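Taken in sequence, the protein lines are chains A and B. So the first sequence is numbered by my numbering: it starts at 529 and just counts up by one. So the second sequence is numbered by my numbering: it starts at 248 and just counts up by one. C-beta atoms are modelled at their ideal positions from N, C-alpha and C, and glycine is treated no differently. Keep in mind the model is a prediction, meaning the values are calculated, not measured. Below is one structure, written out as structure tokens; comments come after it.
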Amino acid sequence: MASGKKQIQQLARQLFKLSLVDGVLSAERVPGVLEYLEKHYPAQSLAVLKAYHRLVKAEVARGQAVVEHAGPIGDSIVTGIAAAMTKRYRRNITGLSRPEPSLIAGLRVRVGDDVYESTVAGQLAALSASA
Amino acid sequence: MTPLLFLASAATTAEPGIAERFGLDAKSIVMQVISFLIVLFVLYKFGIKPVTATMEERARKIETGLKDAEAMQAKLAAAQEESAVIVKKANGEASRIVDDARKSAKDYLDRQTQEATAKANDLLGKAQQAMELEHKKMLADARQEIARLVVITTEQVLAKKLTDADRRAYNEAAARELTNA
């Protein structure tokens with residue numbers, strides 16, 4: 529059972545490597561890989577697809593700065609944050625804005641597993657935790 | 248033979264010998280002596296000798312009894328002396344035991360009193376510590392609850408009172424903070 533999972537992970541990683549071009553996830557390679565999977569139905573294809581999806585999703589998240597905000601923000605802010613993150617992580621990172629009213633005011637930026645936050649809700653939560 | 252007849256016969260007869268004069272007959276005397284010896288023997292054999300033996304036995308018993316009584320008296324005296332010594336010794340021992348018991352009881356009482364005092368102080372200290380901890384916990388809970396209420400109230404107030412312009416300005420400031428960090 530454990531070796532089966534390992535094989536699935538190995539196949540998913542191989543497919544994921546085939547989806548990269550110069551270390552960057554390629555929008556053209558991913559449909560090709562999926563087409564290959566449709567034609568050559570591997571054993572436990574659903575598990576392989578889930579593992580491949582998880583790897584692609586993580587890679588997309590690594591290359592994307594999700595800017596959660598409460599209230600209006602301009603495109604320049606998202607662009608500026610994407611540029612700053614690109615400079616910080618030394619890889620191309622695109623910006624994506626997402627409204628989140630529970631933040632009250634301010635921004636929360638997610639890049640992969642990293643989170644940067646400057647929000648009223650966060651400051652109030654920190655104040656509550658320190659009391 | 249009456250004296251008168253004896254005198255008359257003596258006056259009428261020719262001068263007899265002393266034995267005849269006194270009417271003594273050797274045969275009679277011998278017979279009487281033999282009879283007397285027989286009676287004496289019989290008396291001695293069946294009367295005097297048993298009585299003497301009985302008396303000697305009784306005297307011996309009395310003497311033995313007296314000796315026993317004296318020995319018993321001596322033993323009694325010795326026993327009394329011994330018992331007096333034993334009683335005296337027992338009294339001394341009893342006094343010592345009573346003194347020891349009193350001392351032990353006093354020591355035990357003192358020790359129990361000290362232990363009870365120590366336990367009471369310990370319990371008092373623990374109770375004070377528990378009260379202090381409870382007090383601190385209550386204050387911390389109250390502080391936390393107050394902070395929670397303040398935060399909730401502030402969130403509600405800010406959510407209602409902040410305008411889009413305020414939020415935009417805050418977002419721009421946050422963007423500067425995040426890009427410069």
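- A:HIS597 is classed as buried because its beta carbon has at least 16 other beta carbons within 10 Å across all chains shown.
- Residue environment: A:THR607 is assigned as exposed (fewer than 16 neighbouring CB atoms within 10 Å of its CB, all protein chains considered).
- For B:ARG423, no beta strand (DSSP E) encloses it; the enclosing alpha helix (DSSP H) starts and ends at 411-427.
- CA-CA distance, B:THR364 to B:HIS382, rounds to 26 Å.
- Looking from the CA of A:LEU631, the closest CA among A:PRO559, A:VAL648, A:ARG638 belongs to A:VAL648.
- Note on geometry: alpha-carbon atoms of B:SER330 and B:GLY294 lie some 52 Å from one another.
- Within the same chain, Cβ atoms closer than 7 Å to the Cβ of A:ALA579 are found at ILE536, GLN537, ALA540, the five residues on either side in sequence being excluded.
- It is roughly 19 Å from the alpha-carbon of B:ASP354 to the alpha-carbon of B:ALA341.
- About 5 Å separates the Cβ atoms of A:LEU652 and B:VAL398, confirming a contact at the 8 Å cut-off.
- Rounded to the nearest angstrom, the Cβ distance from A:SER646 to A:LEU655 is 14 Å, too far for a contact under 8 Å.
- Taking A:ARG619 as reference, the option from A:ALA593, A:PRO629, A:ARG626 with the minimal CA-CA separation is A:ALA593.
- B:LEU386 has a beta carbon lying at 9 Å or more from every beta carbon in chain A.
- With respect to chain A, the C-beta atom of B:ALA374 has no partner C-beta closer than 9 Å.
- Between the beta-carbon of B:ASN427 and that of A:ALA633 there is about 19 Å, and that puts the pair past the 8 Å contact cut.
- Below 8 Å, enough C-beta pairs join the segment 545-563 of chain A and the segment 580-587 of chain A to call them touching: three or more.
- Around the C-beta of A:VAL576, 16 or more other C-beta atoms lie within 10 Å, and the residue is accordingly described as buried.
- ARG395, VAL398, THR401, GLU402, LEU405, ALA406, LEU409: these are the residues of the segment 395-410 of chain B whose beta carbon lies less than 7 Å from some beta carbon of chain A, given in chain order.
- The C-beta separation of A:GLY599 from B:ARG423 comes to about 16 Å, leaving the pair out of contact by the 8 Å criterion.
- Residue pairing from DSSP places A:ALA598 in a beta bridge opposite A:GLY634.
- At a cut-off of 9 Å, the C-beta of B:ASN368 has no neighbouring C-beta in chain A.
- Only exposed fits B:LEU284, as fewer than 16 other CB atoms lie within 10 angstroms of its CB.
- One Cα belongs to B:MET385, the other to B:GLN391, and the distance between them is close to 10 Å.
- The criterion of a C-beta distance shorter than 9 Å is not satisfied by A:TYR617 and A:VAL643.
- Contact note: B:ALA389 does not reach chain A at a C-beta cutoff of 7 Å; the least C-beta distance is about 10 Å.
- Per DSSP, the continuous alpha helix (DSSP H) segment holding B:PRO297 begins and ends at 296-408.
- Under the 9 Å criterion on CB atoms, B:ASP413 is classed as interfacial with respect to chain A.
- Around A:GLY623, the same chain offers ALA593, VAL595, VAL606, THR607, ILE609, ALA610 as residues with beta carbons nearer than 7 Å, after the five sequence neighbours per side are excluded.
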